[in-house]
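Here's the structure, in structure tokens; my notes come after.
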Amino acid sequence: MFENLSEKLQRAFKTLRGQAVLTEENIGEALRELRLALLEADVNFKVVKELIDHIQAKAVGQQVATSLSPGEQVIKIVRDELVATLGTDTARVKFASQPPTVILMAGLQGSGKTTTSGKLANWLKNGGHRPLLVSVDVYRPAAREQLKVVAHAIKANIYEGSNVEANTATVERLAKEAKREAMISGSDVLIVDTAGRLHIDDQLMDEMQSLKKILNPSEILFVADAMTGQDAVRSADEFHKKLSLTGVVLTKMDGDARGGAALSIRQVTGQPIKFIGVGEKYDALEPFHPDRIVSRILGMGDILSLIERAEQNVDKKKAQEMASRALSGDGFSLEDFRDQLQQVKKMGSIKNIMGMLPSIGPFAGMQKHADKVDEKQIGRIEAIISSMTAHERHHHEVINGSRRKRIARGSGTSVQEVNNLLRQYAQMRKMFKDMGKASFGRKLAGMKFPGM
Amino acid sequence: MLRSLFGGTDTEKEPAKKPGFFERMKQAVTRTRENLSERIEEAVSFNKEIDRNTLEDLEATLIGADLGTTTTQEVLGKLREKADRKQIKDVEELKRLLKAELLAILNRANVPPVPAPEGMPEVILVVGVNGTGKTTSIGKLTQFLRSQGKSVTLCAADTFRAAAIEQLEIWGQRTGTEVIRTKAGGDPAAVLFDALQAATARHSDYVIVDTAGRLHNKAGLMAELEKMRRTAQRIVPGAPHETLLVVDATTGQNGLQQARQFTDSAGVTGIVLSKLDGTAKGGVVIAISRELGLPVRYVGVGEKADDLLRFVPEDFVDSLFD
Ligand SMILES: Nc1nc2c(ncn2[C@@H]2O[C@H](COP(=O)(O)OP(=O)(O)OP(=O)(O)O)[C@@H](O)[C@H]2O)c(=O)[nH]1
Ligand SMILES: [Mg+2]
Chain A
11 MFENLSEKLQ RAFKTLRGQA VLTEENIGEA LRELRLALLE ADVNFKVVKE
61 LIDHIQAKAV GQQVATSLSP GEQVIKIVRD ELVATLGTDT ARVKFASQPP
111 TVILMAGLQG SGKTTTSGKL ANWLKNGGHR PLLVSVDVYR PAAREQLKVV
161 AHAIKANIYE GSNVEANTAT VERLAKEAKR EAMISGSDVL IVDTAGRLHI
211 DDQLMDEMQS LKKILNPSEI LFVADAMTGQ DAVRSADEFH KKLSLTGVVL
261 TKMDGDARGG AALSIRQVTG QPIKFIGVGE KYDALEPFHP DRIVSRILGM
311 GDILSLIERA EQNVDKKKAQ EMASRALSGD GFSLEDFRDQ LQQVKKMGSI
361 KNIMGMLPSI GPFAGMQKHA DKVDEKQIGR IEAIISSMTA HERHHHEVIN
411 GSRRKRIARG SGTSVQEVNN LLRQYAQMRK MFKDMGKASF GRKLAGMKFP
461 GM
Chain B
144 MLRSLFGGTD TEKEPAKKPG FFERMKQAVT RTRENLSERI EEAVSFNKEI
194 DRNTLEDLEA TLIGADLGTT TTQEVLGKLR EKADRKQIKD VEELKRLLKA
244 ELLAILNRAN VPPVPAPEGM PEVILVVGVN GTGKTTSIGK LTQFLRSQGK
294 SVTLCAADTF RAAAIEQLEI WGQRTGTEVI RTKAGGDPAA VLFDALQAAT
344 ARHSDYVIVD TAGRLHNKAG LMAELEKMRR TAQRIVPGAP HETLLVVDAT
394 TGQNGLQQAR QFTDSAGVTG IVLSKLDGTA KGGVVIAISR ELGLPVRYVG
444 VGEKADDLLR FVPEDFVDSL FD
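First to last, the protein sequences are chains A and B. The opening position of the first sequence corresponds to residue 11 in our numbering, with each subsequent residue numbered one higher. The opening position of the second sequence corresponds to residue 144 in our numbering, with each subsequent residue numbered one higher.
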């Protein structure tokens, strides 16, 4: 396992404590670590250079805030910079004022266009639209057959067409026919799956331009594999130059690639990443969250955005007190636990919060459980804790059998539920304590959330 | 200038000029190609000494070709020592030494596959993540073997992806090769069993097995490959004799993780590097060879039946510097 970047940065900053300002010298090592991390995540090296220069320019001269360590401060600058680079736009499809809205899929071979076309149709269907699919990939063997099977599986309409020969004339004909079919059949969206092509294949890129002319699409989505390396800038740039892309879909995000290509592609095209593909099933399409992928690229959990969310909603001072108590020897009381739950409720659903954790590394298993979180359960937990005396909340070890019975009765729950809660609480408490000593993410892995 | 991987000290910076960050990036990208060659040209024609800048440019070339930081650091580390001691005369020599280092990595990994026992078909299992080019590479490899007068039986063991079987069947038609198949959603191990029996009965020289693309971090799907291997062994001793991992040349550092996991579960013995006809360099295979000792057997350079080449390490290394 590679050392977490945030650990590396913290180490790089050890010597910095007590210094008043960030300087080129005192952040040099941290930036070198950052550079390596970005390169390992497949961010293009030119993009990396620009980012590092930018971050350095921002950081140098900043006062070291008393509340944050210099390391944390730079991590925050880095994070903000990367999130800003990725932008905030998310799953939104531009619809034409005059239906049908045409979505043209574009990308290299094997990037996932056909599967994504199906997922998109499925997503639109669930949103109450009537999509029509068409494949104009007359080149790859069985490509059109593949989309047909997909359409059938999601019960979406498909325009099949006839007399298919492997040439541009056929591609153009199919596109025209499909658009007409969309109008006749009252489909409000036409999704056009195209053959994968190399950005340097002039003939096929011309074909794309011709399709654009014929179809007048509202969206031209560049479908890119999350595993793409340094060449992402080249292909995305060429596609964008020739077609003026309107958005990006990043596929195979259920793999363990860091996904640095997201930064590269966004950087050269300036277009928003609209969706990510997270599986082979047709509902495995999700909106894109810049925060989440930044943490993934950097190899840190999305702990930062959790902290930030918390900061927005929570009395900061109280949170800090709690955090330092939890991480120090004093430990984390049941009262803190209850406060946390209340704040969690304020922040949004647990599902959401768990969703912010990266889906790789130690967190891998947790995402799966997000769906199983029973939000009502939180109310019950609150009730249990509220039925305890103040003394019990601060000294959980005194809660013996008869106290448990009383608490269960008082909260309208069962002894077993009380037992469960206490067990989970003890686990969390220990984890927080350990966290004060050691690294963060790995510990979270073993933790079970209440209500799961 | 790129900040050096070896922690170079020249933090000399261009003054922050302001057309937006985004504009500058675009300029940077369009400059991609000139950069290195220009500098080398310059250094050579003016007969300048090799300096850190030259090394940094070479670093950019290797990183830009997806070799990854570890491999790049290791390879350049050796050269840097010599350069610092002024043991390298000129840029040409530097490049020659660098190429030699890379070649050494690739050649060290160059082990041939185990042959099949007399009278038995050689079984080639083809694996990889989704969309890398497995089925197409199989079509091309079949064409290649057929052109050498060998007989091939194809096994359509991707029963999962929509129309994957049909895709392989078209390759079967194109190459005049029989495809053993089952229905969509069928058991891949079962169709493998059938294919091996058919091939043995017919005395095929080769059986090539197409498998469903799968992400290497999905334990269940990886276990399925182990099961297929066991099935193969039951029918043909030592099978699969070759397990080819198809790696897309556009893949970045995740390629290394793919190679690790597929080697663990599927016993990869060689790499097919596909899509080298694009602009991606496919340098991650050097990182793979370095760490796992896996040889690259073939490269894919297009979508037609004869777009498969035997891997030539020298040519590949040269292409990294084009
Ligand atoms: N330009 C180029 N395209 C290739 C090459 N090899 C494969 N392709 C294309 O890449 C796409 C994916 O190829 P497939 O052979 O279907 O890939 P696969 O690994 O079998 O895909 P799955 O079975 O879906 O995982 C197709 O459009 C192929 O035509 C190559 O060497 N060069
Ligand atoms: Mg296939």
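Yeah, the Cβ is synthetic: ideal placement off N, Cα and C, and Gly gets one too. Fair warning: this is a prediction, and the values are worked out from it, not measured in the lab.
Secondary structure at residue i, three-state DSSP: helix, strand or coil?
| i | result |
| --- | --- |
| Leu-246(B) | helix |
| Gln-73(A) | strand |
| Asp-323(B) | Position check: residue 323(B) holds Ile in this sequence, whereas Asp was assumed. Looking at Ile-323(B) - three-state DSSP - the assignment turns out to be strand. |
| Leu-32(A) | coil |
| Ser-107(A) | coil |
| Glu-157(B) | Reliability of the predicted coordinates at Glu-157(B) is poor, the pLDDT of 36 falling under 50, and the value obtained from them is presented with this limitation in mind. Glu-157(B): coil per DSSP, three-state reduction. |
| Arg-207(A) | coil |
| Tyr-349(B) | strand |
| Ile-409(A) | coil |
| Asp-458(B) | helix |
| Leu-316(A) | Confidence in Leu-316(A) is poor, its pLDDT being 49 and thus under 50, which makes the residue's placement too unreliable to answer from. |
| Asp-391(B) | strand |
| Asn-167(A) | strand |
| Thr-412(B) | coil |
| Ala-192(A) | helix |
| Ile-37(A) | coil |
| Ser-421(A) | helix |
| Thr-95(A) | helix |
Could you name the residues of chain A that residue i contacts, counting a contact when the two beta carbons are closer than 7 Å?
| i | result |
| --- | --- |
| Leu-358(B) | Lys-262, Asp-264 and Gly-265 |
| Gly-207(B) | Phe-55 and Gln-240 |
| Lys-427(B) | At residue 427(B) the sequence reads Val, which differs from the Lys that was named. Ordered by position in chain A, the residues that pass the 7 Å Cβ test against Val-427(B) are Gly-239. |
| Gln-400(B) | Asp-266 |
Going by the CB atoms, is the gap between residue j and residue i shorter than 8 Å?
| i | j | result |
| --- | --- | --- |
| Leu-142(A) | Asn-167(A) | yes |
| Glu-402(A) | Ile-391(A) | no |
| Ile-113(A) | Pro-300(A) | no |
| Asn-273(B) | Lys-129(A) | no |
| Arg-251(B) | Gly-425(B) | no |
| Tyr-349(B) | Pro-264(B) | yes |
| Ala-242(A) | Ile-275(A) | yes |
| Asp-211(A) | Lys-123(A) | no |
| Leu-451(B) | Leu-249(B) | no |
| Val-146(A) | Ala-179(A) | no |
| Leu-504(A) | Ile-286(A) | The requested residue 504(A) is not part of the displayed model; chain A covers only 11 to 462. |
| Ala-300(B) | Met-371(B) | yes |
| Ala-51(A) | Arg-268(A) | yes |
| Ala-392(B) | Gly-421(B) | yes |
| Leu-208(A) | Leu-118(A) | yes |
| Gln-400(B) | Gly-211(B) | no |
| Arg-324(B) | Val-334(B) | yes |
| Pro-383(B) | Ile-267(B) | yes |
| Lys-7(A) | Val-258(A) | Since the displayed chain A opens at 11 and closes at 462, residue 7(A) lies outside it and no answer follows. |
| Arg-388(A) | Leu-344(A) | The residue you asked about is not Arg; residue 388(A) is Ile in the sequence shown. Not in contact: Ile-388(A) and Leu-344(A) (Cβ atoms no closer than 8 Å). |
| Asp-266(A) | Asn-360(B) | yes |
Can you list the residues of chain B that residue i reaches, using a CB-CB cut of under 9 Å?
| i | result |
| --- | --- |
| Ala-179(A) | Neighbours of Ala-179(A) on chain B: none; closest Cβ ~19 Å, over 9 Å. |
Please list the partners that residue i has in chain B, where partner means a Cβ-to-Cβ separation under 8 Å.
| i | result |
| --- | --- |
| Val-258(A) | Those do not exist, as Val-258(A) stays about 15 Å from chain B at its closest Cβ, beyond 8 Å. |
| Val-88(A) | By Cβ distance, chain B contributes nothing, its closest Cβ being about 15 Å from Val-88(A), past 8 Å. |
| Ala-271(A) | Gly-395 |
What residues of chain A sit near residue i, judged by a beta carbon separation below 9 Å?
| i | result |
| --- | --- |
| Gln-310(B) | Arg-150, Pro-151, Ala-152, Ala-153, Glu-155 and Gln-156 |
| Lys-418(B) | Leu-118, Gln-119, Gly-120 and Leu-208 |
| Ala-448(B) | Within 9 Å Cβ-Cβ: nothing; Ala-448(B) doesn't reach chain A, min ~11 Å. |
Just to make sure I have the definition right: I need the residues of chain B whose C-beta is within less than 7 Å of the C-beta of residue i. Which are they?
| i | result |
| --- | --- |
| Gly-120(A) | Gly-274, Thr-275, Gly-276 and Asp-391 |
| Leu-531(A) | Within the shown structure, residues of chain A are numbered from 11 to 462, placing residue 531(A) beyond reach of any answer. |
| Val-159(A) | Ala-305 and Ala-306 |
| Asp-52(A) | Gly-395 and Gln-396 |
Show which residues of chain A have a CB atom less than 8 Å away from the CB atom of residue i.
| i | result |
| --- | --- |
| Ile-313(B) | Pro-151 and Ala-152 |
| Ala-203(B) | Phe-55 |
Are there any heavy atoms of ligand 4 lying less than 7 Å away from the beta-carbon of residue i, as far as the coordinates show?
| i | result |
| --- | --- |
| Asp-458(B) | Ligand 4 is not part of this structure, which contains only ligand 1 and ligand 2. |
Completely contained beta strand (DSSP E) runs for the segment 244-279 of chain B, where each covers 3 or more residues: 265-270, all fully within the segment 244-279 of chain B.
For the segment 217-254 of chain A, which segments carrying the beta strand (DSSP E) assignment without a break, of at least 3 residues, lie completely within its bounds, in sequence order? You should have 229-235.
Jot down the residue ranges of each uninterrupted beta strand (DSSP E) in the segment 283-308 of chain A, minimum 3 residues, whole runs only, in chain order. The beta strand (DSSP E) runs of length 3 or more contained entirely in the segment 283-308 of chain A are, from start to end of the chain, 283-287 and 295-297.
Jot down the residue ranges of each uninterrupted beta strand (DSSP E) in the segment 107-160 of chain A, minimum 3 residues, whole runs only, in chain order. Runs of the beta strand (DSSP E) inside the segment 107-160 of chain A: 111-116 and 141-145.
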